[in-house]
Amino acid sequence: MRRESTGNTDMGLIEPPIEAPAEPPVERPVDLVRRWIEREGVPAPGEPVVVGCSGGADSSALLLALAACGLGPLHAVYVDHGLRPGETASEAEIVAGVARVAGATSERIAVVVERRGNLLAQARRARYQALAEAARRQGARWVAVGHTATDQAETVVFRAWRGDLQQALAGMPARRVLVGGEGPSGGGIELVRPLLAVKREETEAFVAARGLPIVRDPSNERSEFARVRIRRWLAAQGEASEWLRRSGEVVQAVALYDEAAQGLGTLDDLDATAVAAAGPEVALRLLRRAGLYRAGRVQVEALLRLVSSQQGSRTLDLGSGIVAERCYGRLRLGPPRQDPGDLAIPVTGGGRYPWGVGVVVVTLAEGATVPANLVLRNLRPGDRLRTPAGRRKLHDMLVDRKVPRSLRRRVPLLAVESEVLWVGWPGGGRPGRLAPGAEEPAELAVTYLVSDGNRW
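8 is the number of the first residue of the sequence shown in this note's numbering; add one for each residue after it.
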C-alpha cells in the first residue's frame with residue numbers, strides 16, 4: 008500500500024491540507040478527489056470501481072467526481088437494508104439516475120440486517136459484505152464510499168465519547184483492506200474514501216448544481232442515535248470540527264512514520280542508505296527509539312548528514328549519552344561502546360571459553376595438544392596474522408573488512424605472544440581452523456558462537 012510523506016522538514020509536524028477559500032467553488036470536490044487519487048496512486052485509469060451509493064449528497068458527489076476524474080468503469084451499488092420499506096424503490100431509482108449522468112452502471116442489492124445489538128453496526132456490516140460481493144462480480148479491486156471530512160470529525164468525537172482516545176484521534180483511514188490478504192496486491196479488495204477532505208455542505212452544493220435530487224435519510228434526524236446527537240453538536244462548533252478532522256490526518260501520518268521506522272530494523276544494525284532515503288520524520292522516530300525523547304531538528308539534520316556521507320567510518324555524539332556510529336553502509340544508534348581494555352584468557356585445552364555475548368569453542372583432534380602459552384585475547388598494537396600473501400597487520404585486515412572502530416577490540420583472537428593464529432571475524436558462527444604451519448594439517452578446530460547464532 009503506497010503512502011507518501013509530506014516532505015515537511017519541521018520535526019513532528021505534518022503539513023496541513025490546502026486551505027479552502029471562504030466560499031469554496033462548486034467543483035472543489037472534483038479537484039480534491041483528483042488530488043487524493045494522485046497522492047494514493049489508486050485506482051489506476053481503466054480499473055473498475057464499485058461505488059457504494061445511497062442517493063445522498065455524499066455518495067452521489069463521490070460517483071460524479073470519480074467520473075469527472077476519468078475513472079472507470081464505475082458501478083454504483085444501492086444497498087437496501089430493509090429497514091425502511093416503501094422508500095427504497097424510489098431511492099434506488101435516484102441512484103440509477105445519478106449513475107446514468109456519471110456514465111456508470113448500477114444495481115440494487117437487498118440485504119438482511121440482524122436486529123440485535125447495535126443496529127447501525129449490523130447494517131454497516133451487511134452493507135460492506137454486499138459491496139464486496141458486488142466488487143467480486145465486477146472484477147473490481149476497489150470499493151469507494153462517500154465518507155467526508157464532516158463524517159471524519161463525527162467519528163473522532165464518537166470514538167472519544169466511547170473512551171478510546173487513541174483510536175478516536177486516528178479517525179477513519181483513507182484506505183483499508185475490506186476483503187482478503189494484504190489488499191489488492193494480494194488478490195483482496197480495498198475500501199477507499201476519496202472524500203475525506205471534502206465537507207458535507209460542499210457535496211450538497213456539488214450535486215444540487217447539477218439539478219439532481221438528493222435522498223434524505225430520516226434516520227439521520229433520529230436523536231436516539233448517538234451519532235445524530237454528535238452531528239448536531241458539531242454543527243454548532245464551527246472551526247472545531249475542522250480541527251478534529253485534521254487531527255485524524257496527523258495521527259494517521261504519524262502512525263505511518265512509526266511503521267516505517269520500525270521497518271528499518273534494529274538500532275544496532277541499520278542500513279545507512281535506507282535511513283537517509285526515509286527522510287527526517289522517520290529519522291526523528293529512530294532517535295526517539297534510541298532514547299533521545301526530546302530530539303529535534305538539530306539532531307535529525309546531523310544524523311541525516313552522517314548517513315548521507317560517503318566517508319568510511321564516523322561517530323556522531325547526539326547528546327544524552329547516545330551516539331550514531333556509521334561504518335561504511337551500516338548505522339548504529341545507542342550508547343557509545345567502551346573499550347573493554349586488555350582481555351586475556353589462557354587456553355589450556357579443548358572446551359568452551361566465554362567471550363562477550365558469545366563463546367569460543369575449541370575442539371582438539373584426538374591426541375592433539377594446544378600450543379604452549381596459547382591465549383584467547385583481543386587486539387594489541389603490532390598483532391600480525393599469517394596469510395597466503397605473507398604476514399599482515401591485523402589492524403589493517405580489520406579495516407579492510409570494514410569492522411567498526413568501536414568493535415575491533417571486541418574481536419576474539421587466539422595468539423601466542425604477538426603471533427595471531429586465529430581470528431573470530433565479524434559475522435560469527437563460522438568455523439575457523441588453526442594450523443601450526445601453512446603446510447601442516449590442522450589439529451585444532453575453533454568456532455566462535457554468539458547469542459543469536461549469526462552476529463556479535
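Just so you know, even glycine gets a beta-carbon here, dropped at the ideal spot from N, CA and C.
In this text the structure is predicted, and so the values were computed from the model without any measurement.
- L271 is positioned such that its CB atom lies no closer than 8 Å to that of L294.
- In this structure the segment 325-342 touches the segment 275-287; the number of beta carbon pairs closer than 8 Å is three or more.
- For T280, the enclosing alpha helix (DSSP H) begins and ends at 279-285.
- Between I44 and P201 a beta carbon distance of about 7 Å is seen, short of the 8 Å cut, so the two are scored as contacting.
- Non-local C-beta neighbours of E121 in its own chain, meaning closer than 7 Å and more than five positions away in sequence, comprise Q129, ordered along the chain.
- With a 10 Å radius around the Cβ and a threshold of 16 neighbouring Cβ atoms, N125 comes out exposed.
- In this structure, the beta-carbon distance from G63 to V199 does not fall below 8 Å.
- Burial state of D65 is buried, judged by a 10 Å Cβ sphere holding 16 or more other Cβ atoms.
- The beta carbons of V118 and A137 sit about 5 Å from each other, so the pair counts as a contact at 8 Å.
- In this structure the segment 71-90 touches the segment 105-112; the number of beta carbon pairs closer than 8 Å is three or more.
- In this structure, the alpha-carbon of A216 lies about 16 Å from that of I101.
- For G104, the enclosing alpha helix (DSSP H) has its first and last residue at 95-109.
- Here the alpha carbons of M404 and V150 stand approximately 59 Å from one another.
- Apart from sequence neighbours up to five positions away, the residues of its chain that approach G357 with a beta-carbon distance below 7 Å are V369, T370, L371, ordered along the chain.
- Residue range 35-47 is occupied by the alpha helix (DSSP H) that includes V37, with no beta strand (DSSP E) assigned at that position.
- In the DSSP assignment, Y85 falls within the beta strand (DSSP E) that extends over 81-87.
- With fewer than 16 neighbouring CB atoms inside 10 Å of its own CB, D324 falls in the exposed class.
- In the three-state reduction of the DSSP assignment, L202 falls in the coil class.
- Taking every protein chain shown into account, the CB of S315 has fewer than 16 other CB atoms within 10 angstroms, so this residue is exposed.
- Inter-residue distance for I116 and R91 is about 14 Å (C-alpha atoms, whole angstroms).
- Per DSSP, the continuous beta strand (DSSP E) segment holding R321 begins and ends at 320-326.
- CA-CA distance, L350 to R359, rounds to 16 Å.
- When secondary structure is reduced to three states using DSSP, A156 falls in the helix class.
- In the three-state reduction of the DSSP assignment, R91 falls in the coil class.
- If you look at Y135, you'll find it in the alpha helix (DSSP H) that goes 126-145.
- According to DSSP, R183 shares a beta bridge with L198.
- Less than 8 Å divides the Cβ of I329 from the Cβ of A297.
- Taking the Cα positions, D87 is about 55 Å away from L311.
- In this structure, S61 places its C-beta atom within 8 Å of the C-beta atom of E98.
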